[in-house]
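**Q** Residue numbering for the sequence shown follows the numbering used here, starting at 296 and increasing by one per position.
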Amino acid sequence: MFHIHTERSSDANLKIPELIDYIVKNKIDYFCVTDHHNFEACRIIEEVLRRKEYKGKTHLIKGIEIKTEYGDVIPCFIKKEIKTRKFAEVVKETKKQKGLLIIPHPFVRHKKIKFLIKHVDGIEVHNASALKFHNKKAQELGARNPSLLKISAVDAHCLNELGNALNEIEIGKNVKINPILCKNGGYFILNLKHLAIHIFKTLESLFAR
296 MFHIHTERSS DANLKIPELI DYIVKNKIDY FCVTDHHNFE ACRIIEEVLR
346 RKEYKGKTHL IKGIEIKTEY GDVIPCFIKK EIKTRKFAEV VKETKKQKGL
396 LIIPHPFVRH KKIKFLIKHV DGIEVHNASA LKFHNKKAQE LGARNPSLLK
446 ISAVDAHCLN ELGNALNEIE IGKNVKINPI LCKNGGYFIL NLKHLAIHIF
496 KTLESLFAR
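(1) Quickly, what does DSSP pair Y325 with across the bridge? List them, please.
(2) Taking only the alpha-carbon atoms, compute the straight-line gap between Y317 and I311 and give it to the nearest angstrom.
(3) Distance, Cα to Cα, I446 vs F326?
(4) Counting only the same chain and skipping the five closest in sequence on each side, list residues whose C-beta sits under 6 Å from that of D450.
(5) What's the call for A383, buried or exposed, on a 16-neighbour Cβ count within 10 Å?
(6) Tell me P370's beta-bridge partners as DSSP assigns them.
(7) Could you check the C-alpha separation between I359 and K393 for me, to the nearest Å?
(8) Can you find at least 3 beta carbon pairs, one from the region 339 to 354 and one from the region 385 to 392, that sit closer than 8 Å?
(9) Rounded to whole angstroms, what is the Cα-Cα separation between R303 and N440?
(10) In the DSSP assignment, find the beta strand (DSSP E) that holds N422 and state where it starts and stops.
(11) Taking its Cβ as the centre, do 16 or more other Cβ atoms sit within 10 Å of E435, making it buried, or is it exposed?
(12) Quick one, which of I361, L395 and T353 has its alpha-carbon nearest I373's?
(13) Would you grab the beta carbon distance between L448 and F402 for me? Rounded to a whole angstrom, and I think it's under 8 Å.
(14) Return the first residue and the last residue of the alpha helix (DSSP H) that H429 is part of.
(15) Near D416, what residues of its chain come up, given a Cβ to Cβ distance below 8 Å and the 5 sequence neighbours on each side ignored?
(16) Rank T301, D306 and I418 by C-alpha distance to the C-alpha of I315 and give the top, closest one.
(17) At which residues does the beta strand (DSSP E) containing F297 begin and terminate?
(18) Are the beta-carbon atoms of T363 and K375 separated by less than 9 Å?
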């Protein structure tokens with residue numbers, strides 16, 4: 296589950312214990328917390344998940360949503376908080392931390408999108424909080440740029456929004472991609488093999504320690 300805001304974001308009221316409880320009860324293997332301009336929830340959740348009762352039940356992907364001069368970006372798979380709001384510096388710092396840089400809701404309050412996609416790893420091709428029109432444009436952008444990772448984002452700010460979008464990927468002898476799941480439905484996304492391989496190679500390197 297990608298793009299979650301907790302009460303540590305000024306526009307969200309999702310409590311951290313509620314989030315962890317939901318993730319564990321619904322057997323979500325990986326979830327990415329992306330609060331606005333702070334890493335507080337990531338640090339707290341990381342500590343909680345070290346407890347014996349949570350061992351092996353789920354994994355946190357640390358992220359942060361940053362408002363740059365060109366619009367919001369999400370560095371994820373990072374270890375330390377990124378404080379700059381300058382796009383070029385965010386790109387540099389994300390690479391330094393060997394993370395991935397994602398453009399959330401690419402057609403909502405972004406400038407120079409053609410420039411941006413040259414410097415990021417992926418885009419949200421579905422955002423559960425965005426308009427269908429914006430999601431359709433994002434999917435078309437993804438189809439035109441097959442090398443980009445394509446992600447379905449929940450963009451949750453409260454508990455009842457957590458079930459609005461999931462990325463379901465089966466990993467076996469052959470990488471198999473299932474359709475992206477969400478309540479809204481009504482769309483189809485191509486070229487997800489690169490997403491599975493790239494994301495899960497990163498996951499393996501992060502969590503096989």
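We put the beta carbon where it would ideally sit given N, CA and C, even for glycine.
**A** Here's the rundown:
(1) H354
(2) Cα-Cα distance, rounded: 10 Å.
(3) 13 Å
(4) H298, N422, A423 and S424
(5) exposed
(6) L396
(7) 15 Å
(8) With the cut-off at 8 Å, the region 339 to 354 and the region 385 to 392 do not touch.
(9) 34 Å
(10) G417 to N422
(11) exposed
(12) When the alpha-carbon of I373 is set against those of I361, L395 and T353, the nearest one is in L395.
(13) Note that residue 448 corresponds to Ala in the displayed sequence, not to Leu. Incorrect: roughly 13 Å between the Cβ atoms, too far for contact.
(14) K427 to R439
(15) Closer than 8 Å at the Cβ level, and outside the excluded window around D416, lie L395, L396, I397, L443, L444 and H493.
(16) The shortest CA-to-CA distance from I315 to any of T301, D306 and I418 is the one to T301.
(17) F297 to I299 is the span of the beta strand (DSSP E), which, as asked, contains F297.
(18) no
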